[in-house]
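Residue numbers (the numbering used here): 10 to 520. C-beta: ideal position from N, C-alpha, C; glycine also. Here the structure comes first, spelled out in structure tokens, and everything after it is commentary.
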């Protein structure tokens, strides 16, 4: 075998060694695989218009949907509050998925516990699991708050979280006055953005229910489910501080998913203080930066007399303009000159690179608000967001996207696809080719299949590191997105002109 103590090969070159090639060939023969020519023929057919029509006609099957389930959103939003442990009422395997998904993206430990429901709990109910689980969580991890959500198992059998938590307190699992907000987050409906909304509303209900609001002129800001939350939340706070706004970010995960290596392990770090969450009922307004993450939460905030407003992921010039104008409108604070200068620098950068961006065509997929914000920025560059897909997008979202396309001459021929998955996107890329694909790490398989260069700007990003530490919101974030687009364009151009004496007549040093 090719491995030796003197030269250890990792898996990438290892499986190219003769021994492994022979092993894989024998495996294919043993499994009675069809001939390579037949595989190629069928693969080519699946990229045809004929197959696309059949693909888009399917109704009872999803193939690689570009979304996750509700409890992931619940775990994410709970992690943004001070010393809060997320407690998922369900099986251990489900919770392992949420933890690994967040850990693989942020490259940080993601703490969450499970009530460890198994077959007996599925038959008789999970009350005993809740009683023991809350007691263990309280004693072992010393959280300041435990936020409870559910998985499919608990929802199918109808476990009542409110009753279970009350019983657990009566049995002494946690003190009677201990904070245990909860939300029902069935994974078989909605998506992670729905779970974000349900859990955030549950936390606010826990602290606000029965309160009488005493408006203090402050502003609540809800970032929404965001894979770039570390960089984005810090950029958001920088801009708010520059404007002199009195604000509370409801669920701030920026420190929790970016802890330092200084010899001290931090199971909890940062987060919105519990007392600030309680006092947020007195805010004059609540602003959501992602409409589809917060419909129920904003409705609840409005019931206390707060003004509410929702945006669509503030990327680029127009998105940031709308963000700052909304903050100014809700607080009465003017936009400072320093931020106006940042806007001018972004516009200048766009103008500097206009010749390389104009006319580029894109496919974009991800959460509804991200796709909207990203498509708006692409239009600002003179690009054309031809295929815009959100598995958790609705007909209302499709109409919003069409209105966006109609607002620009570069939106002609662009289409939004709500409720579709990445296998649909594969058909779109194969039959109506575009220059660039914007999405998450799962897009690398589309890149390989259709030769469409991928730009990673959407959660989750597993196969690249540290993207989440830099903002994509605001004018500064817009510069970062602009550079990301341009780098991919130039890298592709270099690769296309790299062959000496054949294509390298355009292998330019200056672009």
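Short of 6 Å from the beta carbon of residue 155, and not among the five residues preceding or following it, lie these beta carbons of its own chain, in chain order: 94, 96, 146 and 189. Contact between residue 356 and residue 326 holds, with the beta-carbon distance rounding to 6 Å and staying under 8 Å.
When rounded, the separation of the alpha-carbon atoms in residue 49 and residue 388 is 37 Å. Of the residues 98, 108 and 114, the one whose Cα lies closest to the Cα of residue 159 is 98. Runs of the alpha helix (DSSP H) spanning 4 or more residues and lying entirely within the segment 447-485 occur at 452-459, in chain order. A Cβ-Cβ separation of about 6 Å places residue 448 in contact with residue 375 under the 8 Å criterion.
Sixteen is the threshold: since fewer than 16 other Cβ atoms of the shown chains lie within 10 Å of the Cβ of residue 501, the residue is exposed. Contact annotation: the segment 332-347 does not touch the segment 444-464, with fewer than three C-beta pairs closer than 8 Å. At a Cβ-Cβ threshold of 8 Å, residue 230 and residue 307 do not count as neighbours.
Comparing alpha-carbon positions, the option among 25, 236 and 346 lying closest to residue 116 turns out to be 236. In the same chain as residue 377, and ignoring 5 residues on each side of it, the C-beta atoms closer than 6 Å to its own belong to 301, 399, 402 and 406, in chain order. The Cβ-Cβ distance between residue 396 and residue 434 falls below 8 Å. 126 is the residue among 148, 238, 126 and 131 whose C-alpha sits nearest the C-alpha of residue 138. Within the DSSP secondary-structure output, residue 94 pairs in a beta bridge with 155.
In this structure the segment 171-179 does not touch the segment 202-221; the number of beta carbon pairs closer than 8 Å is below three.
In the DSSP assignment, residue 296 forms a beta bridge with 230 and 318. The way I'd put it, the segment 26-35 doesn't touch the segment 406-415; fewer than three beta-carbon pairs between them come closer than 8 Å. For residue 439 and residue 506, the gap between their C-alpha atoms comes out near 23 Å. Just so you know, the alpha carbons of residue 185 and residue 202 end up roughly 31 Å apart. Sorting 140, 132, 149 and 284 by C-alpha distance to the C-alpha of residue 163 places 132 at the top. When DSSP states are grouped into helix, strand and coil, residue 121 belongs to the strand group. Where residue 31 is concerned, the enclosing alpha helix (DSSP H) starts and stops at 27-39. In the structure shown, the three-state DSSP call for residue 179 is helix.
For residue 232 against residue 249, the beta-carbon gap comes to about 12 Å, at or over 8 Å, which does not count as contact. Residue 165 sits exposed, since fewer than 16 C-beta atoms from the chains shown fall within 10 Å of its C-beta. When the five nearest sequence neighbours on each side are left out, the beta carbons in the same chain lying within less than 6 Å of the beta carbon of residue 287 are those of 216, in order along the chain. Relative to the Cα of residue 309, the nearest Cα in the group 278, 144, 214 and 414 belongs to 214.
Counting only the Cα atoms, residue 23 lies some 8 Å from residue 12.
Put simply, of 509, 352 and 392 the residue whose alpha carbon is nearest the alpha carbon of residue 484 is 352.
Put simply, of 90, 42 and 78 the residue whose alpha carbon is nearest the alpha carbon of residue 264 is 90. According to the DSSP assignment, residue 424 belongs to no alpha helix (DSSP H) but to the beta strand (DSSP E) extending over 424-427. Checking the DSSP bridge columns, you'll see residue 393 partnered with 370. Straight-line spacing of the CA atoms in residue 110 and residue 262 works out to 15 Å. Residue 191 sits in a strand when the DSSP states are folded into three classes. Between the alpha carbons of residue 436 and residue 56 lies a gap of roughly 6 Å.
Sorting 252, 305 and 193 by C-alpha distance to the C-alpha of residue 333 places 252 at the top.
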